Amino acid sequence: MIAGALLVCALALISATQTGPAFVGRLAAATAALPDQQGAGRKVSVRFTTARGWPTRHPMLTPARDLTELERARIAQAIAAIPGVGGVHWTDGTMLASGDMDIESLRCESELLGVLAERTIRFEESSAEFIPGSEELLDELATAMRPCVGAIVAISGHTDTSGSPKVNLALSQDRAQMVRRELIERGIPGQNLIANGFGSSRPVEGLSPADPANRRIEFRVVSMETSRPTPIDTPAAR
Numbered sequence: 018m019i020a021g022a023l024l025v026c027a028l029a030l031i032s033a034t035q036t037g038p039a040f041v042g043r044l045a046a047a048t049a050a051l052p053d054q055q056g057a058g059r060k061v062s063v064r065f066t067t068a069r070g071w072p073t074r075h076p077m078l079t080p081a082r083d084l085t086e087l088e089r090a091r092i093a094q095a096i097a098a099i100p101g102v103g104g105v106h107w108t109d110g111t112m113l114a115s116g117d118m119d120i121e122s123l124r125c126e127s128e129l130l131g132v133l134a135e136r137t138i139r140f141e142e143s144s145a146e147f148i149p150g151s152e153e154l155l156d157e158l159a160t161a162m163r164p165c166v167g168a169i170v171a172i173s174g175h176t177d178t179s180g181s182p183k184v185n186l187a188l189s190q191d192r193a194q195m196v197r198r199e200l201i202e203r204g205i206p207g208q209n210l211i212a213n214g215f216g217s218s219r220p221v222e223g224l225s226p227a228d229p230a231n232r233r234i235e236f237r238v239v240s241m242e243t244s245r246p247t248p249i250d251t252p253a254a255r
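195 is the number that the working numbering gives to position 178 of the sequence shown; each next residue is one higher, with no gaps.
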């Protein structure tokens, strides 16, 4: 039943223009069409706006009643499977998302997104130098990363289309590398941090490529390394 509803949602979303509030409105409508969200049986309240009221494809879920962990996981996964939906968050701070990420990876990424929910790392104009105040945010990001043992985190730099593509690509790479360096200085293992710049090639969904809001640093947990026993951890033969 859920699969059928998701197929209808996918066809509707593919045929529509993906623009800001209209795009997010379609995601909300697709979510409302899921079986768990019908009539009196509706189990969660879903909000596709940030705390400031901006449209977002990362929905916030509030349970309409007490739910078991199994129900929470099933509902979150069904919503996350709708084409175009990003990370699915619960109001208690937990998060589930689509894709192959495991629960630990999702928890780590949720912590990073939480730190960046209302703030962004900011740089001087056309520079990889941080503006005053960014150091505190970097401190908080490092604190959020420390419990994520084995997490491989991708740091991506992005720009808008002002300036030449070549300059923008180099600038986005320099900024991502600067963030990586600062996190290493704060104790995060360098081998767990990957920095890449994409210039203006990946604008925020729903924004014009020229919009200054495309100037950003994004974080994503790409994998979790499984710790292996070292000789000191391995029991001796008896």
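In this text, a Cβ means the ideal position worked out from N, Cα and C, and glycines have one as well.
These figures come from a predicted structure and were not determined experimentally.
Length of the line joining the Cα atoms of residue i and residue j
| i | j | result |
| --- | --- | --- |
| R237 | R69 | 23 Å |
| G103 | Q94 | 11 Å |
| L84 | R136 | 32 Å |
| T67 | I201 | 30 Å |
| D156 | R59 | 40 Å |
| P38 | L133 | 21 Å |
| S143 | E152 | 19 Å |
| T108 | L188 | 36 Å |
| A159 | R203 | 6 Å |
| R82 | A45 | 20 Å |
| G131 | I138 | 14 Å |
Close beta carbons around residue i, own chain, < 7 Å, minus the five adjacent residues each side
| i | result |
| --- | --- |
| A227 | D177, T178 and S179 |
| E146 | F140 |
| C125 | C165, A168 and V238 |
| N231 | H175, T176, D177, S217, P220, V221 and L224 |
| L186 | G214 and G216 |
Within 8 Å, strictly: CB atoms of residue i and residue j
| i | j | result |
| --- | --- | --- |
| R74 | E199 | no |
| A193 | G207 | no |
| S225 | P182 | no |
| A161 | L129 | yes |
| V61 | I99 | no |
| V196 | A212 | yes |
Own chain residues within Cβ distance below 6 Å of residue i, not counting five before or after
| i | result |
| --- | --- |
| E235 | S173 |
| P80 | V61 |
| D191 | A145 |
| F40 | G223 |
| S32 | Low confidence applies to S32: its pLDDT is 34, below 50, so where it sits in the model is not reliable, and the reading given next is rough at best. So no residue of the chain qualifies. |
Cutoff 8 Å; reference residue i; Cβ partners in own chain excluding five residues on either side
| i | result |
| --- | --- |
| I96 | T48, L51, V63, P76, L78, V102 and V105 |
| A57 | Any reading at A57 must be qualified, since the residue scores a pLDDT of 46, below 50, and its modelled position is unreliable; no value is offered. |
Quick one: complete alpha helix (DSSP H) runs, 4+ long, within the segment 132 to 164? 151 to 162
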